[in-house]
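Protein chains: 2
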Amino acid sequence: DESGIESLDYEVIENYAYWEEQAQRGKLYVGYYVMVKWFFALLIGIGTGLAAVFINLSVENFAGWKFALTFAIIQKSYVAGFLVYVLINLVLVFSSVYIVTQFAPAAAGSGIPEIKGYLNGVDMPGILLFRTLIGKIFGSIGSVGGGLALGKEGPLVHTGACIASLLGQGGSSKYHLRSRWLQIFNSDRDRRDLVTCGCAAGVSAAFRAPVGGVLFALEEVTSWWKSQLMWRVFFTSAIVAVVVRTAMGWCKSGKCGHFGSGGFIIWDISDGQEDYSFEEFLPMAVIGVIGGLLGALFNQLTFYIAYWRRNYLHKNGNRVKIIEACLISLITSIISFGLPLLRKCSPCPEADPDSGIECPRPPGMYGNYVNFYCSKDKEYNDLATIFFNTQDDAIRNLFSAKTIHEYSAQSLLTFLVMFYSLAVVTFGTAVPAGQFVPGIMIGSTYGRLVGMFVVKVYKKLNIEEGTYALLGAASFLGGSMRMTVSLCVIMVEITNNLKLLPLIMLVLLISKAVGDAFNEGLYEEQARLRSIPLLESRPKYQMRKMTAKEASGKRVISFPRVVKVADVVSILRSNNHNGFPVIDHERNGETLVIGLMLRSHLLVLLQSKVDFQHSPLPCDPRASRFLTDPLYCRHTISEFVKPASSKGLSIHDIRLSSDDLEMYIDLAPFLNPSPFIVPEDMSLTKARISFMLHLMMQVYNLFRQLGLRHIFVVPRPSRVIGLITRKDLLIEV
Amino acid sequence: DESGIESLDYEVIENYAYWEEQAQRGKLYVGYYVMVKWFFALLIGIGTGLAAVFINLSVENFAGWKFALTFAIIQKSYVAGFLVYVLINLVLVFSSVYIVTQFAPAAAGSGIPEIKGYLNGVDMPGILLFRTLIGKIFGSIGSVGGGLALGKEGPLVHTGACIASLLGQGGSSKYHLRSRWLQIFNSDRDRRDLVTCGCAAGVSAAFRAPVGGVLFALEEVTSWWKSQLMWRVFFTSAIVAVVVRTAMGWCKSGKCGHFGSGGFIIWDISDGQEDYSFEEFLPMAVIGVIGGLLGALFNQLTFYIAYWRRNYLHKNGNRVKIIEACLISLITSIISFGLPLLRKCSPCPEADPDSGIECPRPPGMYGNYVNFYCSKDKEYNDLATIFFNTQDDAIRNLFSAKTIHEYSAQSLLTFLVMFYSLAVVTFGTAVPAGQFVPGIMIGSTYGRLVGMFVVKVYKKLNIEEGTYALLGAASFLGGSMRMTVSLCVIMVEITNNLKLLPLIMLVLLISKAVGDAFNEGLYEEQARLRSIPLLESRPKYQMRKMTAKEASGKRVISFPRVVKVADVVSILRSNNHNGFPVIDHERNGETLVIGLMLRSHLLVLLQSKVDFQHSPLPCDPRASRFLTDPLYCRHTISEFVKPASSKGLSIHDIRLSSDDLEMYIDLAPFLNPSPFIVPEDMSLTKARISFMLHLMMQVYNLFRQLGLRHIFVVPRPSRVIGLITRKDLLIEV
Ligand SMILES: Nc1ncnc2c1ncn2[C@@H]1O[C@H](COP(=O)(O)OP(=O)(O)OP(=O)(O)O)[C@@H](O)[C@H]1O
Ligand SMILES: Nc1ncnc2c1ncn2[C@@H]1O[C@H](COP(=O)(O)OP(=O)(O)OP(=O)(O)O)[C@@H](O)[C@H]1O
Ligand SMILES: [Mg+2]
Ligand SMILES: [Mg+2]
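Read top to bottom, the protein sequences are chains P and E.
The opening position of the first sequence corresponds to residue 1 in my numbering, with each subsequent residue numbered one higher.
The opening position of the second sequence corresponds to residue 1001 in my numbering, with each subsequent residue numbered one higher.
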C-alpha cells in the first residue's frame, strides 16, 4: 500500500445517487451517451495519430540532420565527425532524461506494464497525467533521436492511453462542459473503455497496423472483453491509420524535411519470397528456438539490471539517472561509430537498375550500402549500414530481399552481440523506451544470419535472407514479449506480406514455448518488478488448494448501517482497507448484510458533512427529510468520482470538529447494495480431506472476468428463494 | 422445451467424482492434456482444410464441367444447351436436397445460428452429428454446384464445428483410447473450446482468411472470451491456411481438373485503386446507406419467408421440400440462361496485352468477357459474364479493376434485382446454404453501379469501379449480418488490399447503423425464428426494471440431501427443470443450501442404481463404507457426461422396481457444491420506489460472461465471514 497502488472500481456502484441519476436520464440521454463515446473514440484516434506523426517527424528530422551533418564532416575529418555525432546524441539524450526526471517521472520506460495494470484493474498514480503525456512525447523524441538502443513504439501506446484518459477527464475538469455532460465518463469503467481505445490507437499509430492494434489491446493488455467495445476500438485504430496516412501523403511532397519515405506499410516486403519448401522448416524452427532463448535471456537480464537500478542506483536521486543516461549515450555513440571503422569495406555488387538501389547510396540520403570509412568510392561498409543508420533504415535493409550477400556473417554477429548488450543496458534508464524496435533489430540480425547459412546449404531453393530476418524478428519478440496473435498480425501488417503468416506463426509458437520454459514475458516481469499486482488469466496452481475462507483470512471489519462519525474516523485510521461490509441490525436482533461501503465514498461523506445527523436511527423515508428534500440524496455521482490517476482523498486530509465526531451518518443511501458474494466452502467430510477445494478457482475467474474489487465470503444460505436460468433472462418485448 | 433445446453445462461441476479425478492426476497429466488440446487443434485445422478443399474441388469441377458442356452444346443449339444446363442443375440440387431431407435434416441452412447458439450455451440436438457433417459437405456441393443463389461459406463454418465436436467425442466413443485418455474432453466446456476452434477454422477455410476466422469466432459466435484459447484458435486457422495453400499449390499443376486458379487470396485486388480523395466519401457513404437498407430488407424478407416455410410449407413433409428446391433450381436456371439471351452483346474493348485479359475469353476457360449469344466473334455479353458464370468468377469480374465500362448499368441493375429476389427465395430451402457469397454478389453489383456513376461524375479522379464493388459487398454484408471487425478483416484478407481498410470500415459503420435501425442481424433473426434462446451481449432494457426475485419467479423445487428414490422420480416427472438446489437439515433444525443437483446427473444415478442405500441417513464418512471403499465414489466423471448433440437420458427411459423406489440416495457426493448465488434485492424504502433495481443487469452479465446455467437467489446473508480482494488472489510462490 505504500506504493500507492490501488484497485480501480470497474464495478458500477449502484447506490442511491447512481439510481437517481439513472432515473433522471431519458432515452435521449442514452443516444447522447453513445454519440459522445463514438466522438471520443474519434478524438482519441486523431490525437494519437497526430502525436505519432509528430514524434516520427521529429525523430526522423533530428536523426536525419544528425547523420547528414556527420557524413558531411567526415568527408574532411573523422575525429571532428565523431565529436559532432557524440555531442548531438548527448544533447538529445540529456534533454530526454532531463524532461523525464525533472518533470514527468512516470514517463520513464515503455509504460506498457503500467497500462496493462490499469486495464487489469490497478491504478499507479501519475501514469495518465498530462505531464506524463508531455514527458512521453518529448522524451521519446530525445531518446530515439539520440540513437539509443530503444524504440518509440511502447511509449506511443502509453501516449495513446494518456490522450484517452485525459479526454475522458478533460470533459469534466478543464473545459467546463454542462453539468449533465460531465457525468458521462466519470466511472472507472468508462475510463477503462477509453484507455483501451487509446492503447489500440497507440499500437495502430506505432506500426500503422490497425488490426494489430485491436488485437494487441485485446490479447496483451485487457483482462476482460466486451464485444461492443471491440468495434469502437477498431474504429479508433482505423482513424489513426487514416490520420497517419494523410500526414504521410502530405509529407511525400517534401514538406517534412528528412521525413519522406514510408507509406502505410512500414517495411514492405511483399516482393519477398513467394513460396517455401518443407526443407526450410528446420532452420525456421531453429530461429524459433534461438528467439525463445535470447528472448528469455533478455527478460532475465533486464529484470536483474532493472532490479539493481531500482533498489540501488536510482535511490541516489535524479542526478545519477541523468549521468547514467548520458554515459550510456556516450557508449552507444562510440560503439556505433567506432565498430564500423574497424570493419573493412566490401566492393559494391553489380548494379541492378530495376531495383533502384544505388551502391553506395548517394550522400545525404537513406538507403542500403552506406559508404563509411571506405578507401574506394564503389565500396560500402556493411556494419555501418546497420549500425550507423537510423533504426528504421537498418531494419529495412535487414528485411530487404534481393540483396543476398550484402552482409558478412562477421558483421552481423558483431552487431548482434553489441546491440543486444546495448539494449539490455539501456533498458531501464530514465527515458521513455520501447522494446519493439530493438527487438526487431536483434531478431532480424540473427534471422538474417540463419538465412545466410540456409542460402549456403540449400543452394537450389529460392530463398530470401529477408524472409529469415523477418522470422527472426518475430521469434525474438515472441520469445521476449510472449504475445501471439497480435504479434503475428502486427508482423503481417508492417511487412504487408500475408503469405508468410503461417511461418511467422510457427516461429512464434516455438519461441513462445521455449521462452515460457524459463520465465514470464517481459511486461509481466517488469510489472512484477514494479509490484503492479496483475491478475493473470489463469489462477496459480496453489489456488486449487485453497478455500475461499482461507484466502480471505482475517477478521472482517464492518460498519453498522448508522455509524458514529468518530467510529468511522477511527476505523479508517486504523487500517487501509478500501471496502467495508455494512451490517444492519433488524428489530428482532438478527443481522443482515446490506451492502458494501467504499473508503473513498466514506471520505467524501466525511468531508462534505451534509449527511451528518444527530439521531443514531436510520433516516426514515417517511419522515420529514423526505418530504422536504424530494431528491433525498444530496450528492451527485460526480462527487464520488475520484480524479483519474491520483490517490484522491486521504483520511489524514480531513479535519472534523469534536461536534462533528459526535454525530452519525446513515450509510444506506451510499453503499453498493449488490456486492458479489460467494458462499463459504462446505467440507462434507471433516474426517478426510475436504472435497470442496476448487472454489477459489471459480472465485478467481469471477473476480478477474468481471473486474471486481471486493467479494464477500458469506455463510451458506439457509434456503433458495429463486432460481435464475436462461429462460428468465430472455424476456420477450 | 418441446423443441429439445437445452442449455449446456459450461460451468464445471466440481463434485466428488471430479475431485477424485483431479486428485489422481499428476503434473504429467496436465502436460498431456495441453498437448492433446494442441494436437486436436492441429487435427481440426487439417480436417477442416481438407473438407474445404474437397468441397471447392467438387463444386468447381461440377460447375466447370457443366458450363463447358453447355458452351460446347450451344455452339450448335441453344435449346439443347439450355436443356442440358437445366438438367445438370436439377440433378445436383435434387441430390443435395435429397441427402439433406432424407439423411441429415440438421444440415439445412447455413448452420451459423445453431453454432452461435451452441457457443452461447444452448444445444440444438443433432447439429454436431456425423451425419450432419456428411450431409453438409455433400449437400453444399450439390446446392452450390447446382447454381443456386447461395454460397458454401456458412456451411463450411458448420462443417468445421462438426469436425471439432466429432474429434472431441471420437476420442471417447469410436477409437477406444485408454480410459484416462478419454476423460480429457468430456466436459461441455472443453467441447466448447474445440467447437470455437472449428468455427474459426471454417471461416479460415472458406475465405482463406486466418485472422478473419479468429475474429469471426471471437466477435460473432462466442459470447465469452479466454485469452488462452485465442492462440489455439489462431493456430488452427493458420493450419487451415497451410493445408488449403498446399492443396492449391498441388492443383496448380493441373491435377485437379477444372479447379486451377486461385491462390491464397481469393479475389486479389491489390493492384486496384491506390489512393482516394475526399470527394469520394459521399458516394461511399451512399453505398453504406444502400447496404444498410438492402441488408435490413433482406433480413426482413428472409425472416417472413422462412417463417412461412417453417409453419406452413415445410409442415407438409419432405416431398414438398424436395419439390420446392427443384422448382427453385428450375427458376434459377431459366433466369440465368434466359436473361443474358435477351441482352445485346457489346463489342470487345481494345486489347491490352499486359493485363492478360482476353476478350472474348477462350472457350472452356474462366474469365471476363463471356461470349454468349453474340452475333460477332469479337463481342461479349456483359450480363452473361456475371450471370452465366460460376459465382467466384462473377465476383472476380465485378471486383476487377482496369475494366471500366465493361458493364452497362442496365445489365447490372437487371442482375441486382433478379439475383436479390433469387437469393431471398432460395434462402430457407432445405439445402445447405451460406449467405456470404450471394451477399458479396448483390453488394458488389450495386457497388459497381455507384462506381460507374462516380466515374462519370468525378471525371478527373483516378477511380476504379472495382473498389466500389468491394465497398458495396462490404456494405451489404454489414447491413445484413451486422458483423464489424471480423468482416473488415475478412474483406481485407480476401482482397489482399490493406489500403482500403479505412474505407471498408467507414462503409460498414454506416451500413450497420442503418441496418440496426430496422431489425436485428441475419443470424439473430434466424436464431429467433428457430427459437434458439441466444443471450445477447447486452441485457434488454426491461432488465433494468426487474429484481432478481421477480425474475426468478415461482416456488423453487429442491431436494433434501438424502432423498427417497420414489420422490426423485416423481419430482423429475412432474417438471422439466434441469437443476435443483439441495437443502440439508442440520441437527439443530436449521437448513443449509449445500449445492445444486443436475437432472442429468440424477438420471445417471437412477439408472446405475449403485448408490441406492437402505438408510435415510447421510452416509457417514467414518462408517464402514469409507473404509471398505477407499475411492468412496463409484462413478467416474465420464459417466456423468452426456453425449454431445443428443438429448441424453430421459426420466421416461428409466425403469425402477418397487424395491428400488423405496430406497434412498445421498446426493452430497454428486452435487455441485459451489453454485453461483446472488442475494435477493433489498429495498431500502418500501414507501417509495425501491432503489435497488439494477441488480438484474449485474446478474445478466454474471450469467452471460461466465456462461452459467443456474444462479440461486438467496436471502441476504447475516454476516460476512471473509472479504476477498486482489491481494488475496495474488499468492506468491
Ligand atoms: N473490511 C475488511 N475487513 C477485513 N479485512 C479486509 C477488509 N478489506 C480488506 N481486507 C483484507 O485486507 C487485505 C488488503 O486489503 P485492501 O483493502 O488494501 O485490498 P487490496 O487487495 O490492497 O485492494 P485495493 O487495491 O482495493 O486496496 C486483503 O487481504 C483483504 O482480504
Ligand atoms: N428447481 C427449480 N425450481 C423452481 N423453478 C425452477 C427450477 N429450475 C428452473 N426453474 C424455473 O423454471 C423455468 C425453466 O426452467 P428450466 O430448468 O427448463 O430452465 P431453462 O431456462 O429452460 O434452461 P435449461 O436449458 O437448463 O433447461 C425458469 O423460469 C426457471 O426459473
Ligand atoms: Mg490496498
Ligand atoms: Mg429448459
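No residue lacks a Cβ here, since even glycine has one placed at the ideal position from N, Cα and C.
Contact of Ala241(P) with chain E by beta-carbon distance below 8 Å involves Leu1501 and Pro1502. With fewer than 16 other Cβ atoms from the protein chains shown falling within 10 Å of its own Cβ, Asp1653(E) counts as exposed. In this structure, Lys1727(E) has its CB closer than 6 Å to one or more heavy atoms of ligand 1. If you draw a straight line from the Cα of Ala423(P) to the Cα of Trp1038(E), it is about 34 Å long. The segment 100–110 of chain P and the segment 119–136 of chain P touch, with no fewer than 3 CB-CB distances between them shorter than 8 Å. Close CB contacts of Asn1578(E) within its chain, under the 6 Å cut and outside five residues either way in sequence, are with Arg1599 (chain order).
As a beta-bridge residue in DSSP terms, Leu596(P) pairs with Pro581(P) and Asn672(P). Of the candidates Val1012(E), Val1485(E) and Val1093(E), Val1485(E) places its Cα closest to the Cα of Val233(P). Per DSSP, Ile1557(E) lies in no beta strand (DSSP E) segment and is marked neither H nor E. Counting only the Cα atoms, Ile490(P) lies some 11 Å from Phe436(P). A straight line joining the alpha-carbon of Ala1384(E) with that of Gly439(P) spans about 54 Å. Per DSSP, Leu422(P) is not a residue of any beta strand (DSSP E); the alpha helix (DSSP H) it occupies stretches across Ala409 to Thr426. Glu1006(E) has its CB nearer than 6 Å to a heavy atom of ligand 2. Under DSSP, Gln1613(E) takes part in a beta bridge, and its partners are Tyr1664(E).
Remark: the C-beta of Ser1650(E) is outside contact range of ligand 2, defined as less than 6 Å to any heavy atom. What Glu590(P) touches in chain E, judged by beta-carbon distance under 7 Å, is Ser1718, going in chain order.
Contacts between Arg1538(E) and chain P, judged by CB atoms closer than 8 Å, involve Gln228 in chain order. For Ile74(P), the enclosing alpha helix (DSSP H) begins and ends at Lys27 to Ile74. Close to Tyr700(P), with beta-carbon spacing below 7 Å, are these residues of chain E in chain order: Leu1729.
Looking at the DSSP output, Thr591(P) bridges to His585(P). Of Lys376(P), Glu358(P) and Val593(P), the smallest CA-CA separation from Tyr369(P) is found for Glu358(P). The beta carbons of Val1144(E) and Lys1152(E) sit about 5 Å from each other, so the pair counts as a contact at 8 Å. In the three-state reduction of the DSSP assignment, Val122(P) falls in the strand class. For the pair of segments examined, the segment 1516–1531 of chain E was found not to touch the segment 704–722 of chain P: the number of CB pairs separated by less than 8 Å stays below three. Nearest Cα to Arg726(P) within the set Glu1536(E), Leu1656(E) and Leu1606(E): Glu1536(E).
Residue pairing of Ile711(P) in beta bridges, as defined by DSSP: Phe676(P) and Ile1724(E).
The residue among Ser650(P), Met452(P) and Ser58(P) with its C-alpha nearest the C-alpha of Lys402(P) is Met452(P). For Phe1419(E), the distance from the CB to the nearest heavy atom of ligand 1 is not below 6 Å.
The C-beta of Pro616(P) comes no closer than 7 Å to any C-beta of chain E. Under the DSSP definition of a beta bridge, Gly434(P) partners with Gly151(P). Taking every protein chain shown into account, the CB of Gln1075(E) has fewer than 16 other CB atoms within 10 angstroms, so this residue is exposed. Within 8 Å of the CB of Asn1462(E), no CB atom of chain P is found; the nearest one sits about 14 Å away.
With a threshold of 7 Å between beta carbons, Phe712(P) makes contact with chain E. Excluding sequence positions up to five before and after Thr236(P), its CB lies within less than 7 Å of the CB of Ala41, Ile44, Gly45, Cys197, Ala200 and Ala201, all in the same chain and listed in chain order. For ligand 2, no non-hydrogen atom lies closer than 6 Å to the CB of Phe1703(E). Secondary structure of Lys376(P) (DSSP, three-state): coil.
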